[in-house]
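Those protein sequence lines, which keep their order, are chains A and B. Under the working numbering, the very last position in the first sequence is 497; numbers go up by exactly one each time. Under the working numbering, the very last position in the second sequence is 1497; numbers go up by exactly one each time. Backbone N, C-alpha and C fix where the C-beta goes; we use that ideal spot for every residue, glycine too. Predicted model only: the values in this text are computed from it and were never measured. Here's the structure, in structure tokens; my notes come after.
Protein chains: 2
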Amino acid sequence: MSVQRLLLLEAKFKMHLLLNEDKEIAIAKINPHRDFYNVRKVDTHIHHSASMHQKHLLRFIKRSLRDRVVIFRDGKELTLQEVFDSLRMTAYDLSLDMLDVHADNSTLHRFDRFNLKYNPCGSSRLREIFLKTDNMIDGLYLAQITQELFADYQESKYQMAELRVSIYGRDKEEWNKLAKWICDNNLYSDNNRWVIQIPRLYHVHKRTTSSIRVFSDMIQNVFEPLFKATISPEEYPQLHLFLQQVVAFDSVDDESLGERKIWKDPPTPDTWDSEDNLPYSYYIYMMWANIHVLNQFRRERGFSTFALRPHCGEAGDLDHVVAAFLLADGINHGITMRRSPSLQYLFYLEQIGLAVSPMSNNALFLQYDRNPFDIYFKRGLNVSLSTDDPLQFHMTKEPLLEEYGMAKQMFRYSNVDLCEIARNSVLQSGFEDCVKSQWIGANYYLPGPSGNDISRTNVPDLRLHFRWAETSLEWRRQLRNDRHMTLEEEQSYVAEW
Amino acid sequence: MSVQRLLLLEAKFKMHLLLNEDKEIAIAKINPHRDFYNVRKVDTHIHHSASMHQKHLLRFIKRSLRDRVVIFRDGKELTLQEVFDSLRMTAYDLSLDMLDVHADNSTLHRFDRFNLKYNPCGSSRLREIFLKTDNMIDGLYLAQITQELFADYQESKYQMAELRVSIYGRDKEEWNKLAKWICDNNLYSDNNRWVIQIPRLYHVHKRTTSSIRVFSDMIQNVFEPLFKATISPEEYPQLHLFLQQVVAFDSVDDESLGERKIWKDPPTPDTWDSEDNLPYSYYIYMMWANIHVLNQFRRERGFSTFALRPHCGEAGDLDHVVAAFLLADGINHGITMRRSPSLQYLFYLEQIGLAVSPMSNNALFLQYDRNPFDIYFKRGLNVSLSTDDPLQFHMTKEPLLEEYGMAKQMFRYSNVDLCEIARNSVLQSGFEDCVKSQWIGANYYLPGPSGNDISRTNVPDLRLHFRWAETSLEWRRQLRNDRHMTLEEEQSYVAEW
């Protein structure tokens, strides 16, 4: 059934364009002042340590070549000059080819090699010095790069981001260190909110960190500090402040790795002491359960809450997407759903947000012209465009615009299409209600055209009317099927409801 | 035969990559300082009046809203404010949707509609005010925009352009006016050389300009002033100065229009008084003949000479490409050759430069993933990437990088591939020998690795050795075929030669 409904939705959208695209474009044209460049766009999926443009990182490294002790390696304290000497390089010599952080043909279907690209010059030293928050110089360089990045966002005015930083769950001090780094370096921007990514690395911690004995040790390291900071914010002033800028949790790692499937009677976290990792769905459930309780707790105290927006469906089995459908507020990628009409249809009905990064997929898992982004968009799924890792995939100083530009070229999007995608990105994001009202309209949470303000979104009501009419129709159809109603029964039911 | 040779060349290149790509990348990596960002790239095909980014033009228009008489229309002198009033707009209202200069779905296979996009807000007034050199304000605004553009090029340091400006051939004063505009506004940049484009519009001039009676009137208007300025430069100081910055002639118009085919006994230009236009090949021959004589004339006097690099093979019949093969030094587009292996092979053997603009083609004539650029590149044709009209096709402030970036994504190019394409663009360009030596190596005119300087081009000798070995092989093969030589005869012939 799903496949037919989806094909029908796609056909109807194409029909809508054939009949109404001229009108939509004309409406957007007489809409004063606003165009695609000055509607708000949120980069809904971007990793902090790869958020800068490669040329930006290179210039920063060259600029930073002062004599300051930056790292402790092989029993010695090294200055940056000494690190370069040990790598047999001078700052003048350094080129982007040497830096070697850009995805290339060697990374296709090799997430492991892609991960190595995070090391500038293939050297974990430079990664530690420039791209880590917790190093000998207290993450000073990464803080400076981040400030420059924020300045760029602010200058562009209409581009926002949700930068992801890692919490590993190896010990309980991670949160305080991260919060200290953020607060001490004053890393706040109106154009950014933070997302916390938890790498699914229990099996690694188990081997390397003596304090991680069972799976629940890791989970406790991640969540206990948050409960504590929520109970007594005065004891954790920096963490409390930082948490107000955190809007969501993400779960990250290579989804294409094989994994043990779900059990009939799954183990509890405090009994899992195996050296093997746990499956994706287990992680997601544990994160959801903790975030759910934490949110209730925070809501009671009048504090901000967190969404769960994991990486999901970039590769690997479809049960990842099933788990996320049940538990997540939105996902990143979701391209494996191209193989499952039923899941696609469910995501459509629930309008769960998908932050897709076709240029990243193209480098890692799926050729651009086979990316399902366009089909999802036409069928009416709630999709946005995001960059994932500008350091590794993009060419210009405006990575998000480059991402939109490539989609425009490949899928022949009009400005109206692009503005609809930009509006989706604001809806999916974790920016506060009052901010979203400013950006896309006071009633943005209402469905269809009533939630639209063309003077802010540049999306004609006509487009959102079409989308809403279709979604309502599908909902009513499902309702009728679920309850075995006749058409008459359904009509009276809907009228009442 | 050609198709087999081309397929073989393609297969060999793929083999070369499988065996040597790692090596090439490693060589480029240890090449100090140089990477794709700081090798020189020339935008070998870009039209001056669409060379600015759309946001640049919009901002400039908004900034220019001062009270200055800018145009004479409908019997009145109008200030820019009055022009906006007559269009019922304020500068604040103005958006890119209104400006409407970006190619969209309506332009696909409709060159006529594309041409209308040159009019900001669909209004020829704004085109005349902002994008013409010959208007009431003496092209002041376009000169200011050009200066800003030059400043951007200079800041980027490694990006060069060959901006095309039009000479129509309606009267003999056009050259002096253009030269005056260039010199009075000091429009010189180390990063730019000028190309003159002659629109193939005899039939329009014949109807609208009383002085154009026969075809040779137009040709004389184009070339006579150049001969005069070459004979007595002291009488035409500004034109003489300007001509030193002009490096080539281009021939432009919609190639997809139907046209009368070539005659057995073609008319001479001074007898063609019909209201119909002449075919593409006739124009190209006339341009070639005049440029050829003019060049000899200028060379004798120690002055600079001009190349013929027409638009060719964007659409329309293949005889356009045949004509260009016989007469041109390089062409823009050339994508219709995908249908003709013989022509492709001839362009390969002669290494005639092709300045291809896949993003422009995608908007007008050919979907990106069907663009032959990648096949041409793999087979070893001399191809470069160019933007054509950033105003109409590109999204970011770095259009040429965006063009390279999209090709990189679509065709999975390595940095070595991109640097080879950038090197081709310098070779194809009209910059002076001494400049090219600086940019790509002192012996750049030599074939194969002997012409390469990796410290400037970032292209490993390995790549150019492969290309040169293949080209030599094909040449020797042709030689043997042409002269019906045996392999032995050929070897002794080559040894002697």
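> In terms of DSSP beta bridges, what is V1435(B) paired with?
Replying inline: Per DSSP, V1435(B) has no beta bridge partner at all.
If the cut is a Cβ gap below 8 Å, which residues of chain B does A28(A) touch?
D1097
Chain B contacts from the region 408-434 of chain A (Cβ-Cβ distance under 8 Å):
The residues in question are K408, Q409, M410, R412, S414, N415.
Using a cut-off of 9 Å between C-beta atoms, extract the partners of Y404(A) located in chain B.
-> M1395
**Item:** the region 1009-1026 of chain B contacting the region 1367-1382 of chain B, beta-carbon criterion three pairs below 8 Å
**Value:** yes
- request: Alpha carbon to alpha carbon, how far is T1079(B) from R1068(B)? Give it in angstroms, no decimals.
  value: Distance from the CA of R1068(B) to the CA of T1079(B), rounded to the nearest whole angstrom, comes to 5 Å.
Q.
Whole angstroms are fine: how far does the CA of F393(A) sit from the CA of A363(A)?
A. Distance from the CA of A363(A) to the CA of F393(A), rounded to the nearest whole angstrom, comes to 7 Å.
When burial is assigned at 16 or more other CB atoms within 10 Å of the CB, is E1162(B) buried or exposed? buried
- Task: Give the interface partners of D1171(B) over in chain A, defined as CB-CB distance under 8 Å, in chain order.
- Result: Chain A residues near D1171(B): none, gap ~38 Å exceeds 8 Å.
Can you round the beta-carbon distance between Q1351(B) and N1382(B) to whole angstroms, since I take them to be within the 8 Å contact cut?
5 Å
Taking F1242(B) as part of the alpha helix (DSSP H), name the residues at either end of that continuous run.
1237-1243
Task: Q1409(B) CB to nearest heavy atom of the ligand SAH below 7 Å - done: This structure does not include the ligand SAH; it has no bound ligands of any sort.
Grab the span of the alpha helix (DSSP H) containing S156(A) for me, first residue to last. 140-156
Nearest to Y202(A) by CA position, among L366(A), R193(A), I219(A), R476(A), is which residue? Out of L366(A), R193(A), I219(A), R476(A), I219(A) has the C-alpha closest to the C-alpha of Y202(A).
query: Among residues of its own chain, excluding the 5 on either side of K206(A), which ones have a beta-carbon nearer than 7 Å to its beta-carbon?
result: I212, E275
Practice problem: Output the distance between the C-alpha atoms of S86(A) and I129(A), rounded to the nearest integer angstrom. | Solution: 14 Å
Margin query: What does the alpha-carbon distance come out to for the pair E21(A) and S106(A)?
Written below: 41 Å
According to DSSP, H292(A) sits in a beta bridge with which residue or residues? Beta bridge pairing from DSSP links H292(A) with no other residue.
Report task. Whole angstroms is fine: what's the gap from H1109(B)'s alpha carbon to I1046(B)'s? Result -> 20 Å
Assess contact between the region 1309-1324 of chain B and the region 1250-1257 of chain B, defined as three or more Cβ pairs (one per stretch) separated by less than 8 Å. Is contact present?
yes
Residue range of the beta strand (DSSP E) that W1194(B) falls in? 1192-1199
Query - Rounded distance between the beta-carbons of Q159(A) and K41(A), thought under 8 Å - result: 6 Å
ask   = Do E474(A) and L349(A) come within 8 Å of each other at the CB atom, strictly closer than that value?
value = yes
Beta bridge counterpart(s) of I159(A) as assigned by DSSP: It should be pointed out that residue 159(A) corresponds to Gln in this sequence rather than to Ile. In DSSP, Q159(A) forms a bridge with K41(A).
Coil, strand or helix - R1073(B) by DSSP:
strand
Notebook entry, point to check: How about L479(A) and E490(A): are their beta carbons less than 8 Å apart?
Noted result: yes
### Message
Please classify T457(A) as buried or exposed, where buried requires at least 16 other C-beta atoms within 10 Å of its C-beta.
### Response
buried
Compile a chain-ordered list of the residues in the region 340-373 of chain A whose CB is closer than 7 Å to at least one CB of chain B.
-> If the cut-off is 7 Å between Cβ atoms, the region 340-373 of chain A has M359, N362, Y368, D369 near chain B.
Counting Cβ pairs, one atom from each stretch, are 3 or more of them under 8 Å apart for the region 355-374 of chain A and the region 1394-1413 of chain B?
Enough Cβ pairs lie closer than 8 Å, so yes.
- Pull up the distance between the alpha-carbon of S49(A) and that of R1005(B), whole angstroms please. S49(A) and R1005(B) have their C-alpha atoms some 48 Å from each other.
Query - Check whether W194(A) and T133(A) have beta carbons under 8 Å apart - result: The beta carbons of W194(A) and T133(A) sit no closer together than 8 Å.
Worksheet entry | Integer Cβ distance of L1391(B) from H1053(B), believed to fall under 8 Å | 7 Å
**Report entry** Exposure label - K1023(B); buried when at least 16 CB within 10 Å
**Finding:** exposed
8 Å is my cut-off, CB to CB: does L1126(B) come that close to chain A?
no
- Determine the chain B residues that contact F32(A) at a beta-carbon separation under 9 Å, and present them in chain order. Just to set this straight, residue 32(A) is Pro in the shown sequence, not Phe. Using a Cβ-Cβ cut-off of 9 Å, P32(A) is close to M1089, T1090, Y1092, D1093, L1094, S1095, M1098 of chain B, given in chain order.
- Query: In chain A, which residues lie less than 7 Å from F1036(B) when you measure between Cβ atoms?
  - Reply: L96
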